[in-house]
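Below is one structure; the comments refer to it alone.
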Amino acid sequence: MPIYEYQCKKCGKEFEQLVFGKESPNCPECNSAKVCRLMSCCGFISKGSGGETVSASAGASSCGGCSASSCAGCGH
Ligand SMILES: [Zn+2]
């Protein structure tokens, strides 16, 4: 069973969660269902930033790496 990294889009909390199928977990902090899977969504977008992780600079926009419209993982 895979463990995925998620970031809550509401409070910004990052957490790891066992996921079954296509289920999305809720945030352990605020229980929001609006979470972003970092692995398939934000985490892999590190191109051109010299190895910096996108999530670290996401800041205000909780999912800064998902400017692309192809981000199915977080509903953009
Ligand atoms: Zn949250």
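Positions in the sequence shown are counted from 1; adding 14 to them yields the numbering used here.
All C-beta atoms in this analysis are idealised placements derived from N, C-alpha and C, irrespective of residue type, glycine included.
{"Check": "Among K48, Q31, S38, C44, the one whose alpha carbon lies nearest that of E19", "Outcome": "Q31"}
{"Check": "Status (buried if at least 16 other CB within 10 Å, exposed otherwise) for C50", "Outcome": "buried"}
{"Check": "Neighbourhood of K48 by C-beta, 6 Å cutoff - its chain only, sequence neighbours within 5 removed", "Outcome": "K23, K24"}
{"Check": "Pair within 8 Å by beta-carbon distance, M15 and F34", "Outcome": "yes"}
{"Check": "Same chain, Cβ closer than 8 Å to I17, neighbours up to 5 away in sequence not counted", "Outcome": "E30, Q31, L32, V33"}
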